[in-house]
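Enquirer:
Number of protein chains: 2
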Amino acid sequence: MAITIKDVAKAANVAPSTVSRVISDSRHISEKTKKKVRQVMNELGYHTNLNARGLVQQSTKTLGVVLKYSESDAWKLGNLFVSEVLQGISAHCQQHGYSIMITTGSTEEEIYKDVGRMVQGKQVDGIIVLYAKKNDKVVPFLLEKAIPFSVVGKPMERMNEIMFVDNDNMQAAKDATEFLIHRNHSRIGFIGDNPTFQVIQDRVEGYYKALEEHGIRRDASYVKFVHTPEEEGAVVEEFLIMEAKPTALVISTPLQGVGVLKALHKRGVHVPDEISLVVFNKTLITEMSIPVLTSIDTEAFQLGYEASRGVVELINNPDTFKRSVIIPAKIEPRESHRKLTKDNSSVINVTME
Amino acid sequence: MAITIKDVAKAANVAPSTVSRVISDSRHISEKTKKKVRQVMNELGYHTNLNARGLVQQSTKTLGVVLKYSESDAWKLGNLFVSEVLQGISAHCQQHGYSIMITTGSTEEEIYKDVGRMVQGKQVDGIIVLYAKKNDKVVPFLLEKAIPFSVVGKPMERMNEIMFVDNDNMQAAKDATEFLIHRNHSRIGFIGDNPTFQVIQDRVEGYYKALEEHGIRRDASYVKFVHTPEEEGAVVEEFLIMEAKPTALVISTPLQGVGVLKALHKRGVHVPDEISLVVFNKTLITEMSIPVLTSIDTEAFQLGYEASRGVVELINNPDTFKRSVIIPAKIEPRESHRKLTKDNSSVINVTME
DNA sequence: CAAAATAAAGCAAACGTTTGCATGAAATTT
DNA sequence: AAATTTCATGCAAACGTTTGCTTTATTTTG
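Going down the list, the sequences are from chains W and Z. Going by the UniProt record's numbering, 168 is the number at position 168 of the first sequence; the sequence numbering is gapless. Going by the UniProt record's numbering, 296 is the number at position 296 of the second sequence; the sequence numbering is gapless.
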């Protein structure tokens, strides 16, 4: 059995309570005793049993992180994003002495159970949810139990009762589209995945908004959704056979971006000479591809960091205003886009900035 | 305050101990009482306080995972590998009712502290270390404290006191090299990162072994190490100016693989027509590149799963034999290699299988 | 110099479980 | 029918802390 506070007390000839107060550096203990007790603690190799402390303090200084339900390849994609978010959470937790417990479930039901265990089993003081989706049971559960939590992403409902951290996806898509418009593109396509996700809808909206503000007619045939992996080929095909085919595409995930790149490559269409690509989420994938993809950096690390900050604030003061943080996304110009000449002709001479 | 076992006991008109035994489904309790107590538990919404249980049972059913020290981009690389390992651990933990706590530290010192807290604070029953490196303080600490733990990777020392899970890197490199030899390559280069890592040394050895067994003279000028990121260009250059330049390369990380691919691309050298590439670690990166890289799948998920299995066994029976598990690596033929004709001439006509 | 204020440390209850042992009732054996 | 075994439950101690209250010793104050 390990050394307990009582062992230390006995060896130092003081009461257990005194040892406890030395640990918390209480000012009710004389420096002399502190010194003595600390010495004994070192000699004996004492370490606080956090279970016991957690029991009496009703707090474990641990945050639970709910990892997204991993369906097929969406997970692999999320992977890079998720681990960067996780790093942000880690960084903040480290700074504030919190531990991190993650869910292990791989199905929706398992994850829900994990959360129940963490929360009701008092294993964690708060929860970070990565991230919001519809028909989700976790968020309503946390709301009902009045657990401090924050969400990375935009909650589907009850937004003002929930603390969340997200990008302004509409704005980001608008920026991306304008980025292309400013480079004289006017026939700009959009490729997204599942349009039932709020994030995709926001992005489509931002895309349309940019077009409209620049006097370009919105045309639904320029907006395509890829539902199954590897379907990019078909979508690219559809674009290429169009009479007025797009000179640029805004694409909503790195994986799709690479898929599109491949499909174009296979058909001998050169990027960026013949078509420009801008992709959401700057990740290793976008940076590693040939050509390097111009992307929209969603600052995953920062998202995680802020989410963690949010919960911890909520833990320390449950009445904290449930603010939502919007992390600005930033265009990272790389090699997959080019500037067209004013008359939109297909100049082969690449004009990059 | 939440519902406790005592509240349930009172409401069900039994003793707390009875409730406890109902929870553990003890056979000393009659079905009738069980039914009654369970009903009350549901009505009241009772959930075990795992802190309290942990305290008395001296076990938390939680595993600590020590994430690799994240230096520069090595971390980003590890990222994909690490998260796949993590998924393997998750899967096993889920099956066996274990929770996962991860380290949050980003420096060696912070990580060491994290481990101390987890272990001495009795937050976890065991530890999984990802992964072995020299001058590591964590493994010696765990050995000294006699904590159940396993390592993903090959420990530097005291190997037979430690349970670890790894690939046979020598064999894998030999297989990869032979894979190329069987396709009539004889001038095969090797690119690795930091040669002070055991894993790299093993791979070089396997590479040499394959050559020797097939009567190809080992030549140190065919073996290059890339120490800083983005240095692949220089190395590729060195290879290309060689009189007898290699027709194939074995490369030790996906990131380097893509780096090499880029460098070759920039110099107009076509893969696989002019040079074949085989890369260690099948990841999203290798699968997404153009061309898709022929890789050596190190089965990261499986590594994690087995590591988890190991610790749990050790927890349940501390005298378990400290076996080490070798997960076979498997070549995944893709698009970055080709078969040469017998006479080694540079046939442009691609002959893939 | 007595009274009051302050400082330092100890006592004991509490946190919510689990579990060895004791108890009493019912069922089985002799 | 008494003695024994089995079954179901309760009692109370433990797990290792923290913390409100009390006690004792010391210092300050009037």
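We put the beta carbon where it would ideally sit given N, CA and C, even for glycine. Quick caveat: nothing in here was measured; it's all calculated off a predicted structure.
Within the same chain, show all residues whose beta-carbon is closer than 8 Å to that of Leu44 (chain W), passing over the 5 residues directly before and after it, in chain order.
Expert: Ile3, Asp7, Val8, Ala11
Enquirer: Quick check on DSSP: helix, strand or coil for Ser276 (chain Z)?
Expert: strand
Enquirer: DSSP on Val126 (chain Z), reduced to helix/strand/coil?
Expert: As written in the sequence, residue 126 (chain Z) is Gly, which differs from the Val given in the question. Correct three-state label for Gly126 (chain Z): strand.
Enquirer: Is Gly54 (chain W) close to chain Z, meaning its C-beta is less than 8 Å from at least one C-beta of that chain?
Expert: Yes, contact with chain Z.
Enquirer: So the beta strand (DSSP E) Phe301 (chain Z) belongs to, where does it begin and stop?
Expert: First-last for Phe301 (chain Z): 300-316, but that is the alpha helix (DSSP H), not the beta strand (DSSP E).
Enquirer: Could you tell me which of W:Asn167, W:Gly215, W:Arg203 sits nearest to His185 (chain W), measuring between CA atoms?
Expert: W:Gly215
Enquirer: Is it buried or exposed, Val56 (chain Z), if we count other Cβ atoms within 10 angstroms and call 16 or more buried?
Expert: exposed
Enquirer: Starting from Gly189 (chain Z), follow its DSSP beta bridges and name the residues at the other end.
Expert: Z:Leu249
Enquirer: Just the chain W side, please: which residues come within less than 7 Å of Gly121 (chain Z) by C-beta, in chain order?
Expert: His47, Thr48, Asn49, Leu50
Enquirer: For the alpha helix (DSSP H) containing Asn42 (chain Z), list its first residue and its last residue.
Expert: 31-44
Enquirer: Just grab the DSSP bridge partners of Glu332 (chain Z) for me.
Expert: Note: Glu332 (chain Z) sits in a beta bridge opposite Z:Ser295.
Enquirer: Using DSSP with H/G/I as helix, E/B as strand and the rest coil, what is Val115 (chain W)?
Expert: In the three-state DSSP reduction, Val115 (chain W) falls in the helix class (H, G or I).
Enquirer: Taking the alpha helix (DSSP H) that Asn167 (chain Z) falls in, what are its first and last residues?
Expert: Note, Asn167 (chain Z): premise wrong, no alpha helix (DSSP H); beta strand (DSSP E) at 163-167.
Enquirer: Could you tell me the boundaries of the beta strand (DSSP E) in which Ile326 (chain W) lies?
Expert: Ile326 (chain W): member of the beta strand (DSSP E) spanning 325-327, first to last residue.
Enquirer: Using DSSP with H/G/I as helix, E/B as strand and the rest coil, what is Thr62 (chain W)?
Expert: strand
Enquirer: Compare the Cα-Cα distances from Val260 (chain W) to each of W:Val139, W:Leu142, W:Val66, W:Asp193 and report the closest residue.
Expert: Selected option, being the one with the closest Cα: W:Asp193.
Enquirer: Is Glu110 (chain W) close to chain Z, meaning its C-beta is less than 8 Å from at least one C-beta of that chain?
Expert: Yes - at least one Cβ of chain Z is within 8 Å of the one on Glu110 (chain W).
Enquirer: Quick one: grab the DSSP three-state call for Met101 (chain W).
Expert: strand
Enquirer: Using only the alpha-carbon positions, how far apart do Leu180 (chain W) and Ile188 (chain W) sit?
Expert: If I take the Cα positions, the gap works out to 8 Å.
Enquirer: Is DSSP giving Phe81 (chain Z) helix, strand or coil here?
Expert: helix
Enquirer: Here's a check: name, in chain order, each residue in its chain whose Cβ is nearer than 6 Å to the Cβ of Ser72 (chain W), leaving out the five neighbours to either side.
Expert: Because the pLDDT at Ser72 (chain W) is just 45, under 50, the model does not fix this residue reliably, and the point stays unresolved.
Enquirer: Quick one: is Ser345 (chain Z) buried, meaning 16 or more other Cβ sit within 10 Å of its Cβ, or exposed?
Expert: Below a pLDDT of 50, predicted positions are generally treated as unreliable, and Ser345 (chain Z), at 46, falls in that range; the measurement from the model is reported next regardless. Label assigned to Ser345 (chain Z): exposed.
Enquirer: Identify, in the order they occur along the chain, each residue of the same chain with its Cβ nearer than 8 Å to the Cβ of Gln123 (chain Z), setting aside the five sequence neighbours on each side.
Expert: Thr60, Thr62, Gly64, Met101, Arg117.
Enquirer: The beta strand (DSSP E) spanning Phe141 (chain Z) covers which residue range?
Expert: Note, Phe141 (chain Z): premise wrong, no beta strand (DSSP E); alpha helix (DSSP H) at 138-145.
Enquirer: How about the region 149-160 of chain Z and the region 267-281 of chain Z: do they share at least three Cβ pairs that are nearer than 8 Å?
Expert: no
Enquirer: Residues of chain Z with a CB under 7 Å from the CB of residue 354 (chain W): which are they?
Expert: Here chain W comprises residues numbered 1 to 353, so residue 354 (chain W) is not present and cannot be evaluated.
Enquirer: Applying the 10 Å Cβ sphere with the 16-neighbour rule, what's the burial state of Ile5 (chain Z)?
Expert: Buried: at least 16 other Cβ atoms inside 10 Å.
Enquirer: Would you mind telling me which residues of chain W sit closer than 7 Å to Met101 (chain Z), beta carbon to beta carbon, in chain order?
Expert: Ser99, Ile100, Met101
Enquirer: Mind pulling the chain W residues with CB within less than 8 Å of Thr60 (chain Z)?
Expert: Counting only Cβ-Cβ distances below 8 Å, Thr60 (chain Z) has contacts in chain W at Asn51, in chain order.
Enquirer: Give the range of the beta strand (DSSP E) segment to which Phe225 (chain W) is assigned.
Expert: 223-225
Enquirer: Taking its Cβ as the centre, do 16 or more other Cβ atoms sit within 10 Å of Asn169 (chain W), making it buried, or is it exposed?
Expert: With 16 or more Cβ atoms within 10 Å of its Cβ, Asn169 (chain W) is classed as buried.
Enquirer: Check distances from the C-beta atoms of the region 269-301 of chain W to those of chain Z and list, in chain order, the residues that come in under 8 Å.
Expert: Leu284, Ile285, Met288, Ser289, Ile290
Enquirer: Please decide whether His28 (chain W) counts as near chain Z, where near means a Cβ-Cβ distance under 8 Å.
Expert: no
Enquirer: Please tell me whether Lys262 (chain Z) has its Cβ less than 8 Å away from any Cβ of chain W.
Expert: Judged by the 8 Å Cβ criterion, Lys262 (chain Z) is in contact with chain W.
Enquirer: With H, G and I counted as helix, E and B as strand and the rest as coil, what does DSSP make of Ser20 (chain W)?
Expert: helix
Enquirer: Report yes or no: do the region 297-309 of chain W and the region 261-275 of chain W share at least 3 C-beta pairs separated by less than 8 Å?
Expert: no
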